[in-house]
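So the number in the numbering used here is just where the residue sits in the sequence shown, counting from 1, plus 13.
In this text, a Cβ means the ideal position worked out from N, Cα and C, and glycines have one as well.
A short write-up of the structure that comes next.
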Amino acid sequence: MTAIQPVEARCDHCKQTRPLFLYEPGCGLHLGANAFTCPWCSIEKQPLLCVRCWGSRKEREDNDPELIAEYETWQQICAANRRAIEREEVCAAADKTACDGIAAATEEATA
C-alpha cells in the first residue's frame, strides 16, 4: 500500500513551503444571497494555506462573535422549521383519521 503524499506548495499566508489545506466546496451552508454562507465559500479566490495557517484562521472564525450569532440564528430557524413540519404531520394524520371515519360511517349508512 502506498501512502498518499500531501500536496506541498508555498502558503499564501506564511510564505513557507508546507503541506497545504485543500479547500473542498460543497459545505452545504449556501442558502441564497441574504442567508448564511460559510466564510470560506464567500472568498472570491481561495488562498493556498498550509495546514497550520488554515487551522489558526479556522480557530479565529470559530471564535468570531458575529459568526457565532449567525450560527445560533441558523439553529433557531432550523428548530422552527422542524416544529412546523411536525405540526403539519400531526394535522395530516388527524385529517386522515377524520376522513377514514367519515368514509367508514358512509359505508355503514349505505350498507
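What span of residues does the alpha helix (DSSP H) with E121 cover, start to end? 78-123
From which residue to which residue does the alpha helix (DSSP H) around E72 run? 64-75
Go ahead and label L35 buried or exposed: buried means 16 or more other beta carbons lie within 10 angstroms of its beta carbon, across all protein chains shown. exposed
Measuring only the C-alpha atoms, how far is A117 from A107? 15 Å
Helix, strand or coil: how does DSSP classify P60 here? coil
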